[in-house]
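S.K.: The structure under discussion is supplied below as structure tokens; questions concerning it will follow.
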Amino acid sequence: MVRALSFLEKKHRTSRFMFFFFVEKKKFLASRKNYNSLAILKNNKAQMKIQQMAFMILAVFLFFILVGLFFLSIEFRGLRQKAMLLQEESAVSSLKVISDMAEINFDSSETLVLDEDKLRILLGDFGKYYETFWPVSSIKVYKIYPAGEIIKCPSLNCNYYEIYNSGQKNVKEYSTYVSICRKIKEFSYVYDKCEIGKLVVGVKTNE
Amino acid sequence: MKKRNFFQSSMFPLLARKKRGEFGFVWLFAIIAGGAILFLAIYGSVKFGETKKFQSDTEIAKTLAILTDPMQASFAEGSYGKISFREETRINNICFKEDFGKNDISISTKSGIVKEWGKSGGAISVHNKYIFSKEKNEGKDFYVFSKPFEFPYKVNDMIFLMSEDYCLLNPPEYISEEIIGLRIPNIKISNCSDSDTVVCFGKGNNCDIMVYGVCMTDCNSIYEEGTVEKKEGTMKYKGNLIYAAIFSEPNIYECNVERLLQRTGKIAELLSEKADLINARDCNTNLKPDLLIWKGLTENATSENIILLNQISKKLNRLNAGELCRLW
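The listed protein sequences derive, respectively, from chains A and B. Mapping of the first sequence onto the working numbering: position 25 corresponds to residue 25, and the numbering continues sequentially without gaps. Basically the working numbering = 1-based index in the second sequence + 207.
Written out as structure tokens, the structure is:
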């Protein structure tokens, strides 16, 4: 086949050479056999070239796509971690912001002191207004002394307030110690009764 | 004898066999495919650059929202902080009033050869902060100043974000003491320069902003209530809202004031329920009816009503101070 092709190529070149060097065109084309073989050769070569080019283009495309994907994976590898880090920072700074909010703070003059009465109110229907307001995924408050079984409020002798829960999964929690206070009147004397507690806020993780 | 053209040389046999003016399919294919690859490569890199910029601008906006947390006044009288960027930055602040409302903060930086403001990054919504500023704040250094909003109980901290220099002419003593005490570098009390935004209290020439005090009864200064006049419009204020009116645009001011008043109403409802709880413990308070009226008055109020509401707020504060079991 290769021999035949090279023979035909040689023949074709010779004929072209002859053509350029004043061989009569009519005589050359008169040979029908010569004309047909030249056409087939031309057609095959063109098809081959197109196939080569198509494969080459595909290869170049795939190469660039792979390089691009590799580059993108390196570039965006840290993106999720960065987002997580920002969420964590936001949650940590939210601890103080949330505890100082008028809705749960005790008397608007001390930081990290929560009002137990307000916590109770937020557990009810009133808390529903605030569902879009909180900057975190969950807010929980525990009384940690005296240590014992966790009893969810509202109930007798409860020690756990779930103020807000977005229902999100993969939540990472951060906490801080707080005072949980309420006003008590005993023997005509009003005082603030405070217990030690823990404010826990959760942020959604992408892990 | 005719001369052979360039393509007829042995180096280009394929082209040499073409007739003059004939364009081979292979060439056409190569040009189209090559062009497509080049176009995709350029388009891809431009898009990638845009995505990276968007990512970085969004990150800055989120960081800015976090950075403002410790800059809030909390239980202090006021607080001040400075945020510096390496290059010229624009902070966009859009305020929304629905429900508790929100401030959408986005960042844009200058890009391209001509250094024009690019498309801003993703907006970070802040629901629990009240950021008073212009809609577009440009500069490398931004000053964050915070004061509490009390009406009559503490509602939240207000954050004033600014990049311009201000000069206050004839301010009342309590304001000049505050500015000097907090050492805010972009707010001067004297020695104004031409580039400063001049704020005149009561009277003055060549003023960009005029402040008129109207407080007559139960006030320490005439400027505890009043109006701030700017080219963009007039804003009514009470107490610390004076700073908000000076440093922000009227639409941002109005929106944030309405958000604050809406929250004031919700806290009044919460306190009225708290009154029930402490009454049940024999720690009596008679504020519930007043708080429910106050809730009704504030929830749909605007800055236009603020001076009138301030009178009722003062009365409510006096009533609470007289209670054995105070609600705030």
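Note that beta-carbon positions come from the ideal geometry of N, C-alpha and C, so glycine has one too. Just so you know, these numbers come straight off a predicted model, no measurement behind them.
What does the alpha-carbon distance come out to for the pair residue 110 of chain A and residue 100 of chain A?
M.R.: So the alpha carbons of these two residues sit roughly 8 Å apart.
S.K.: Give the single residue among B/289, B/400 and B/397 whose Cα lies nearest to the Cα of residue 389 of chain B.
M.R.: When each option's Cα is compared against that of residue 389 of chain B, the closest is B/289.
S.K.: Where do the N-terminal and C-terminal ends of the beta strand (DSSP E) with residue 295 of chain B fall, by residue?
M.R.: Its beta strand (DSSP E) spans residues 286-303.
S.K.: Quick one: Cα of residue 21 of chain A to Cα of residue 46 of chain A, how far?
M.R.: Because the pLDDT of residue 21 of chain A is 46, which lies under 50, any placement of that residue in the model is unreliable, and the question is left without a value.
S.K.: Could you confirm whether any beta carbon from chain A is found closer than 8 Å to the beta carbon of residue 484 of chain B?
M.R.: Closer than 8 Å to some Cβ of chain A, the Cβ of residue 484 of chain B qualifies, so yes.
S.K.: Would you decide whether residue 381 of chain B is buried or exposed? Buried here means 16 or more other CB atoms lie within 10 Å of its CB.
M.R.: The residue is exposed, with fewer than 16 neighbouring Cβ atoms inside 10 Å.
S.K.: Pull up the DSSP beta-bridge partners for residue 324 of chain B, would you.
M.R.: For residue 324 of chain B, which the question treats as bridged, DSSP gives the partners B/317.
S.K.: Whose Cβ in chain A lies nearer than 8 Å to the Cβ of residue 273 of chain B?
M.R.: Those are 86, 89, 90 and 93, listed as they occur along chain A.
S.K.: Hey, how far is the Cα of residue 92 of chain A from the Cα of residue 273 of chain B?
M.R.: Approximately 10 Å between the Cα atoms of the pair.
S.K.: Quick one: list the residues of chain A neighbouring residue 363 of chain B, beta-carbon separation under 8 Å, in chain order.
M.R.: Those within 8 Å of residue 363 of chain B in chain A are 101 and 102.
S.K.: Can you pull the chain A neighbours of residue 270 of chain B, defined as C-beta to C-beta under 9 Å?
M.R.: Within 9 Å Cβ-Cβ: 86 and 89.
S.K.: Cutting at 7 Å between CB atoms, please list the residues of its own chain near residue 118 of chain A, excluding the five before and the five after it.
M.R.: Hits under 7 Å: 103 and 104.
S.K.: Just list the alpha helix (DSSP H) runs in the stretch 79-106 of chain A, keeping only unbroken ones of 4 residues or longer that don't cross its boundaries, in chain order.
M.R.: DSSP runs (the alpha helix (DSSP H)) wholly in the stretch 79-106 of chain A: none.
S.K.: Could you check what DSSP says for residue 423 of chain B in three-state terms: helix, strand or coil?
M.R.: Correct three-state label for residue 423 of chain B: coil.
S.K.: Closer than 8 Å is the cut-off here; do at least three beta carbon pairs connect the stretch 370-381 of chain B with the stretch 495-504 of chain B?
M.R.: Cβ pair count under 8 Å is below three, so no.
S.K.: Taking contact to mean at least 3 C-beta pairs separated by less than 8 Å, is the stretch 489-498 of chain B in contact with the stretch 406-416 of chain B?
M.R.: The answer is no - the stretch 406-416 of chain B does not touch the stretch 489-498 of chain B, with fewer than three Cβ pairs under 8 Å.
S.K.: What number of angstroms, rounded off, separates the C-alpha of residue 514 of chain B from the C-alpha of residue 448 of chain B?
M.R.: Rounded to the nearest angstrom, the two C-alpha atoms are 11 Å apart.
S.K.: Entirely within the stretch 316-395 of chain B and at least 3 residues each: give me those beta strand (DSSP E) ranges in chain order.
M.R.: Counting whole runs of 3 or more residues, the stretch 316-395 of chain B contains the beta strand (DSSP E) stretches 331-333, 337-339, 343-357, 361-369 and 373-376.
S.K.: What in chain A is Cβ-close to residue 473 of chain B, meaning under 7 Å?
M.R.: Per Cβ cutoff of 7 Å: 129.
S.K.: Leaving aside the five residues before and after residue 318 of chain B along the sequence, list all residues of the same chain whose C-beta is less than 7 Å from its C-beta, in chain order.
M.R.: The answer, listed in chain order, is 260 and 325.
S.K.: Any C-beta of chain B within less than 7 Å: which residues of the stretch 111-138 of chain A qualify?
M.R.: Per Cβ criterion, the list reads 111, 117, 118, 120, 121, 126, 129, 132, 133 and 135.
S.K.: Can you pull the DSSP bridge partners for residue 495 of chain B?
M.R.: Answer is none; residue 495 of chain B lacks a bridge partner.
S.K.: Under the assumption that residue 204 of chain A contacts residue 171 of chain A (Cβ atoms under 8 Å), give the Cβ distance between them as a whole number of angstroms.
M.R.: Residue 204 of chain A to residue 171 of chain A, Cβ: 6 Å. Contact.
S.K.: By DSSP, does residue 182 of chain A sit in helix, in strand, or in coil?
M.R.: In the structure shown, residue 182 of chain A sits in a strand (DSSP, three-state: E or B).
S.K.: By alpha-carbon positions, which one of B/285, B/507 and B/481 ends up nearest to residue 106 of chain A?
M.R.: The residue with the shortest Cα to Cα distance from residue 106 of chain A is B/481.
S.K.: Nearer than 7 Å: is that true of the beta carbon of residue 424 of chain B relative to any heavy atom of the ligand COA?
M.R.: The ligand COA is absent from the structure shown, which contains no ligand whatsoever.
S.K.: Have a look at residue 153 of chain A and residue 127 of chain A and give me their C-alpha separation to the nearest angstrom.
M.R.: Their Cα atoms are separated by approximately 14 Å.
S.K.: Would you say residue 347 of chain B and residue 294 of chain B are within 8 Å of each other, going by their C-beta atoms?
M.R.: Yes, the pair counts as a contact, with Cβ atoms nearer than the cut-off.
S.K.: With DSSP collapsed to three states, give me the class of residue 278 of chain B.
M.R.: It is coil, neither helix nor strand.
S.K.: Examine the Cβ distances between the stretch 181-191 of chain A and the stretch 160-171 of chain A and report whether three or more of them are shorter than 8 Å.
M.R.: Because the criterion of three Cβ pairs below 8 Å is not met, the stretch 181-191 of chain A and the stretch 160-171 of chain A do not touch.
S.K.: For residue 136 of chain A, count the other beta carbons within 10 Å of its own beta carbon; 16 or more makes it buried, fewer makes it exposed. Which is it?
M.R.: Residue 136 of chain A is buried by the Cβ-count criterion.
S.K.: Give the residues from the stretch 170-201 of chain A that approach chain B closer than 7 Å (Cβ to any Cβ), ordered along the chain.
M.R.: Here the close residues are 183, 184, 185 and 190.
S.K.: What are the residues that DSSP puts in a beta bridge with residue 408 of chain B?
M.R.: Residue 408 of chain B is bridged to B/418.
S.K.: Taking Cβ-Cβ distances shorter than 7 Å, what residues in chain B pair up with residue 55 of chain A?
M.R.: What residue 55 of chain A touches in chain B: nothing, since even the nearest Cβ is about 12 Å away.
S.K.: Alpha carbon to alpha carbon, how far is residue 485 of chain B from residue 533 of chain B?
M.R.: The alpha-carbon atoms of residue 485 of chain B and residue 533 of chain B are separated by roughly 10 Å.
S.K.: Quick one: what's got a C-beta closer than 6 Å to residue 292 of chain B's C-beta in the same chain, skipping five residues either side?
M.R.: Hits under 6 Å: 347.
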